[in-house]
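Undergrad: This is the structure I want to talk about, given as C-alpha cells.
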C-alpha cells in the first residue's frame, strides 16, 4: 500500500545573508582507505570528516559524494554561508534540528533558524590518527553547540565498517543534544526499513506545490521507498520520520545491498521532533546530479554535564545482490540476511 500524506510542517528554512566568522582556515583535503574482504571505505579528514566512498571493490560507490565540488572548494572557511555546501558523503550532525542555533550568542541573528547546519560539523578540517584498519578524526569544539566531536572508523575482520562518534560537552553548563548520522546515497536506490506498520511513519518537509511526496510502500513489516519516477512530473521531495521495529536500514543499487545496523532504542529516548530513522528524499526527474536520498539515524537525546561525553555507533555492510529490482525481491533478500541480527560482529 502506498502511503502519501500532506505536509506536516517544514523543518528546514532557507537562510540568506548569514554572518561570516573570521575562523581558522581548513587544511587541504586528505583521505584514507580501509579495506577487508573485498569491501572498501574511503574517508576524508576534510569537510567535518566524511565517508566519501563505500562498497564492494570493483562496483560503483554506494555513497554519493561530489568529487568535483571537493576539488574546486577543498579548504572552505568555517563560514555559515558555506556550511550547507553539497559535498554529500556521510557526515555527522546533532539533533534536534530546531535547536541548531538556539544555544549560542555569537550570531544572534541566527537564533531560531533551522538551516544551515553548524560549520564545525560540516566544514572543519579534522585531525587524523590512522592505524592498522582504523582511523580516528578529532575536531575542534563548536562555539555554537558546545560539543567537540571525535569520529572513529574501524574495518572489521568480517568486512564491515564500524562507524562511531563521541561528543563531549566543552561548556561550563549542561547541554542537551543527540548524535545524528547522515549518509547520502544516489536517488535511484531502493531503501528498506523494518517497521510495525504505517503508524510508525510520518511525513514532513513536503512541498506539494512543486514535488510529489515520497512513495513509501508498507507491507509485511517492511517500509520500502520506490525510487522510480515514471509518470512523475518534477520529482519527489520530503522526509519520512520512522520508528523502526529492528535496528537496521538498507539501500539496494548497482548489484549491491548497503546495510546500516545500529542499536534499536525505545521511542522515548529519541527527541520527539526526530525519528530514530529518517529518510530525506530529493529526487528531481531532470536533475539526477543534485538528487539524493539521505539515510539518517539518531542516537539517544541526552543532557550532558560539563565535560561529559556521549557515544553512538553504526555497522556498515556491502553485499552482492543479483535479485530483481522490485519491492518483494528487495525486501525478501534484506530480511533473510538480517535474520540473525548484526552479522558484522562475526569474527570481531
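Residue numbers (the working numbering): 1490 to 1837. Glycine is no exception: its CB is placed at the ideal position from the N, C-alpha and C atoms.
1) Between which two residues does the beta strand (DSSP E) containing residue 1771 stretch?
2) What residue from 1531, 1526 and 1527 has the CA that sits closest to residue 1518's CA?
3) Is it true that the CB of residue 1763 sits closer than 8 Å to the CB of residue 1654?
4) Determine the direct distance from the alpha carbon of residue 1708 to that of residue 1681, and round the result to whole angstroms.
5) If you run the structure through DSSP and keep just helix, strand and coil, what is residue 1745?
6) Measure the C-alpha to C-alpha separation of residue 1835 and residue 1616 and round it to an integer number of angstroms.
7) Looking at residue 1861: is its Cβ nearer than 8 Å to the Cβ of residue 1631?
8) My guess is that residue 1636 and residue 1722 are in contact by the Cβ rule of under 8 Å, so how many angstroms apart are they, rounded?
9) Closer than 8 Å, CB to CB, is residue 1567 near chain C or not?
10) So, is residue 1705 buried or exposed, given that buried needs 16 or more other C-beta atoms within 10 angstroms?
11) According to the neighbour-count rule (16 or more other Cβ atoms, all chains shown, within 10 Å of its Cβ), is residue 1595 buried or exposed?
12) Does the Cβ-Cβ distance between residue 1642 and residue 1523 come in under 8 Å?
13) For residue 1556, which option in 1778, 1648, 1815 and 1605 has the closest C-alpha, if you only look at C-alpha atoms?
14) Work out the CA separation of residue 1662 and residue 1552 for me, nearest whole Å.
15) How would you label residue 1732, buried or exposed, when you count the other beta carbons within 10 angstroms and need 16 or more for buried?
16) Relative to the alpha-carbon of residue 1545, which residue among 1743, 1768 and 1833 has its alpha-carbon at the smallest distance?
17) Would you identify the three-state DSSP class for residue 1512, choosing helix, strand or coil?
18) Helix, strand or coil for residue 1550? Go by DSSP, reduced to three states.
19) Beta carbon of residue 1745, beta carbon of residue 1804: below 8 Å?
20) Among 1540, 1559 and 1718, which one has its Cα closest to the Cα of residue 1644?
21) Please state the DSSP three-state secondary structure of residue 1597.
22) Would you kindly report the start and end of the unbroken beta strand (DSSP E) that includes residue 1642?
23) Per DSSP, residue 1918 is paired with what?
24) Hey, how far is the Cα of residue 1619 from the Cα of residue 1651?
25) Taking the continuous alpha helix (DSSP H) assigned at residue 1794, which residues delimit it?
26) Whose CA, out of 1547, 1820 and 1833, lies closest to the CA of residue 1679?
27) What residues in its chain sit with their C-beta under 6 Å from that of residue 1677, if we drop five residues either side in the sequence?
28) Kindly indicate the opening and closing residues of the alpha helix (DSSP H) around residue 1610.
29) Can we say the region 1780-1787 touches the region 1656-1673, given the rule of at least three CB pairs closer than 8 Å?
30) Apart from the five residues on each side of it in sequence, which residues of its chain come closer than 7 Å, Cβ to Cβ, to residue 1797?
31) Have a look at residue 1589 and residue 1660 and give me their C-alpha separation to the nearest angstrom.
32) Which residues in the same chain as residue 1496 place their Cβ atom closer than 6 Å to its Cβ, once the five residues preceding and following it in sequence are excluded?
33) Are residue 1574 and residue 1562 close, meaning C-beta to C-beta below 8 Å?
34) Any idea what DSSP makes of residue 1777, helix, strand or coil?
35) Which word fits residue 1758, buried or exposed, when buried means at least 16 other C-beta atoms lie within 10 angstroms of its C-beta?
TA: Taking the geometry as given:
1) In the DSSP assignment, residue 1771 falls within the beta strand (DSSP E) that extends over 1766-1773.
2) Selected option, being the one with the closest Cα: 1531.
3) By the CB criterion at 8 Å, residue 1654 and residue 1763 fall outside the cutoff.
4) Just so you know, the alpha carbons of residue 1681 and residue 1708 end up roughly 11 Å apart.
5) In the structure shown, residue 1745 sits in a strand (DSSP, three-state: E or B).
6) Pairing residue 1835 with residue 1616, the inter-Cα distance amounts to about 31 Å.
7) Here the chain has residues from 1490 to 1837 only, and residue 1861 is not among them.
8) Contact between residue 1636 and residue 1722 does not hold, since their C-beta atoms are separated by about 42 Å, which reaches or exceeds 8 Å.
9) Absent from the structure is chain C; it holds one protein chain and no more.
10) It counts as buried.
11) Exposed is the call here.
12) Cβ distance < 8 Å, so residue 1642 and residue 1523 count as in contact.
13) Ranked by Cα distance from residue 1556, the first of 1778, 1648, 1815 and 1605 is 1778.
14) About 37 Å.
15) Buried, because 16 or more other Cβ atoms sit within 10 Å of the Cβ of residue 1732.
16) For residue 1545, the nearest C-alpha among the options comes from 1743.
17) With a pLDDT of only 41 at residue 1512, under the threshold of 50, the placement of this residue in the model should not be trusted, and no figure is reported.
18) If DSSP states are grouped into helix, strand and coil, residue 1550 belongs with coil.
19) Not in contact: residue 1745 and residue 1804 (Cβ atoms no closer than 8 Å).
20) Nearest of 1540, 1559 and 1718 to residue 1644, Cα basis: 1540.
21) Three-state DSSP puts residue 1597 in a helix.
22) 1636-1644 is the extent of the beta strand (DSSP E) around residue 1642.
23) Residue 1918 is absent from the structure shown; the chain starts at 1490 and stops at 1837.
24) About 15 Å.
25) Careful: residue 1794 lies outside any alpha helix (DSSP H) and carries neither H nor E.
26) Residue 1679 has its Cα closest to that of 1820, out of 1547, 1820 and 1833.
27) Close CB contacts of residue 1677 within its chain, under the 6 Å cut and outside five residues either way in sequence, are with 1716 (chain order).
28) According to the DSSP assignment, residue 1610 belongs to the alpha helix (DSSP H) that extends over 1608-1611.
29) Contact holds: three or more Cβ-Cβ distances are below 8 Å.
30) Counting only Cβ-Cβ distances below 7 Å, and skipping sequence neighbours, we find 1658.
31) Rounded to whole angstroms, residue 1589 and residue 1660 show a C-alpha spacing of 16 Å.
32) Here the model assigns residue 1496 a pLDDT of 33, short of 50, so the residue's position is not dependable and the matter cannot be decided.
33) Residue 1562 is positioned such that its CB atom lies closer than 8 Å to that of residue 1574.
34) For residue 1777, the secondary structure class from DSSP, reduced to helix, strand or coil, is helix.
35) With a threshold of 16 other beta carbon atoms within 10 Å, residue 1758 falls short and is exposed.
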